[in-house]
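Enquirer: I'd like to ask some things about the structure below.
Protein chains: 2
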Amino acid sequence: MERTYKRSRQRERILETLMQTTTHPTADWVYARLKPDFPDLSLGTVYRNLNILVEQDLVRRIDNGSSFDRYDARRDPHYHFVCEQCGKIIDLGIPVDTALEDRVSGETGLVIKRHKIDFFGLCQDCQTQSGIRPD
Amino acid sequence: MERTYKRSRQRERILETLMQTTTHPTADWVYARLKPDFPDLSLGTVYRNLNILVEQDLVRRIDNGSSFDRYDARRDPHYHFVCEQCGKIIDLGIPVDTALEDRVSGETGLVIKRHKIDFFGLCQDCQTQSGIRPD
DNA sequence: GTTCATGCAAATCGTTTGCACAATG
DNA sequence: CATTGTGCAAACGATTTGCATGAAC
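Those protein sequence lines, which keep their order, are chains L and P. Going by the working numbering, 50 is the number at position 49 of the first sequence; the sequence numbering is gapless. Going by the working numbering, 10 is the number at position 9 of the second sequence; the sequence numbering is gapless.
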């Protein structure tokens with residue numbers, strides 16, 4: 002049986018916050034961002050609501066290989082770039098290659114539902130400040 | 002200054018275990034696998050050695066989007082398929098597209114060092130037993 | 001009024017770490 | 001013998017959960 006949801010001011014603001022940024026924030030960042038407006042806000046609530054938003058398919062969870070989850074309110078398919086120096090995640094504009102899925106499917110017999118491409122390297126900011134590296 | 006390593010029977014067996022399988026095991030799996038041979042083995046040791054093997058570039062850590070890390074002793078570049086039903090990870094034979102990195106780099110000005118493609122869907126086993134789904 | 005959401009704190013769980021002792025070079 | 005590895009148990013850190021109270025419908 003279907004789960005039903007009731008509106009909550011906190012969840013609406015969490016979604017709004019995610020939609021207003023392109024930085025793919027962590028739960029903690031969202032929490033810190035909203036704390037001034039909701040002095041009693043707890044991290045548990047942020048996590049619970051992020052999970053609900055993901056269930057509702059209004060938000061995507063992206064695992065960037067680091068220890069925390071990041072969230073993205075952009076729902077159209079796109080690829081990501083992860084800066085290995087500062088951890089920033091950047092949305093890429095290159096078109097999504099749907100033929101790739103058919104190709105793998107045809108060659109392997111696997112049922113492919115989706116795919117993900119992540120690029121890793123240095124963002125513009127970190128290219129400039131490359132003197133930071135200790136060695 | 003460079004870190005130096007001393008040999009250890011445990012680490013050698015951990016690497017050997019990883020090389021003998023294609024299942025991209027978790028730390029826990031490796032631990033359970035070697036426990037009979039090393040009755041005093043501890044999970045901490047397995048984790049410490051996996052980290053060392055990754056530092057030595059003998060093993061790769063792959064983050065499959067689930068909660069635990071998996072490890073892969075295959076070092077040549079290749080893409081992965083993750084079964085959404087059973088969690089299995091399968092190595093794919095399709096060639097790695099290096100031109101893709103140049104293309105993104107050219108369009109964005111980002112320095113691209115590597116990229117990763119993961120496909121998600123149903124493996125052959127899970128396609129057959131699709132009656133498992135509750136709805 | 002029944003159901004879902006909140007805040008708080010405690011619990012969970014994969015992974016890391018401090019320490020005393022053993023193995024390596 | 002100086003350094004690195006081990007086992008054990010405690011610590012960590014991101015996320016989840018139980019519970020009593022509050023908001024939504």
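We treat Cβ as the ideally placed atom computed from N, Cα and C, and that holds for glycine. Treat the numbers as computed from the prediction; the structure is a model and nothing was measured.
(1) Return the residues of the segment 77-88 of chain L that lie within a Cβ-Cβ distance of less than 9 angstroms from chain P, sorted by chain order.
(2) Measure from the C-beta of P/VAL31 to each C-beta in chain L and report whether the shortest distance is under 8 angstroms.
(3) Ignoring anything shorter than 3 residues or poking outside the segment 47-106 of chain P, list the beta strand (DSSP E) runs there in chain order.
(4) Go through its chain and collect everything with a Cβ distance to P/VAL55's Cβ below 6 angstroms, but skip five positions before and after it.
(5) Grouping DSSP H, G and I as helix and E and B as strand, with all else coil, what is L/ASP38?
(6) Which residues in chain P sit within 7 angstroms of L/VAL112, going by Cβ to Cβ distance?
(7) Can you give me the C-alpha to C-alpha distance between P/LEU111 and L/LEU101, rounded to a whole angstrom?
(8) Which residues in chain L have a C-beta closer than 8 angstroms to the C-beta of P/ILE90? List them in chain order.
(9) Can you give the Cα-Cα distance for L/SER43 and L/PHE69, rounded to whole angstroms?
(10) Given that a residue counts as buried once 16 or more other Cβ atoms are within 10 Å of its Cβ, and exposed if not, what is L/ARG12?
(11) Measure the C-alpha to C-alpha separation of L/VAL31 and L/ASN52 and round it to an integer number of angstroms.
(12) Is P/ILE53 close to chain L, meaning its C-beta is less than 8 angstroms from at least one C-beta of that chain?
(13) Indicate whether at least one CB of chain P lies closer than 8 angstroms to the CB of L/ILE118.
Expert: The answer reads as follows:
(1) Against chain P - using a Cβ distance shorter than 9 angstroms - the residues of the segment 77-88 of chain L are TYR80, PHE82, CYS84, GLU85.
(2) No, its Cβ sits nowhere closer than 8 angstroms to a Cβ of chain L.
(3) You should have 61-63, 71-73, 81-84, 90-92.
(4) Hits under 6 angstroms: ARG62.
(5) For L/ASP38, the three-state secondary structure derived from DSSP is coil.
(6) Listed by position along chain P, the residues whose Cβ is nearer than 7 angstroms to that of L/VAL112 are GLY122, LEU123, GLN128.
(7) Near 24 angstroms, if we compare the C-alpha coordinates of L/LEU101 and P/LEU111.
(8) Going along chain L, no residue has its Cβ under 8 angstroms from P/ILE90, so there is no contact; the nearest lies around 12 angstroms.
(9) Rounded to whole angstroms, the gap between the alpha carbons of L/SER43 and L/PHE69 is 18 angstroms.
(10) By the neighbour-count definition (other C-beta atoms within 10 Å, threshold 16), L/ARG12 is a buried residue.
(11) Each residue's alpha carbon lies about 13 angstroms from the other.
(12) Put simply, the CB of P/ILE53 is far from chain L, with every gap to its CB atoms at 8 angstroms or more.
(13) For L/ILE118, the answer is yes, since a Cβ of chain P falls inside 8 angstroms of its Cβ.
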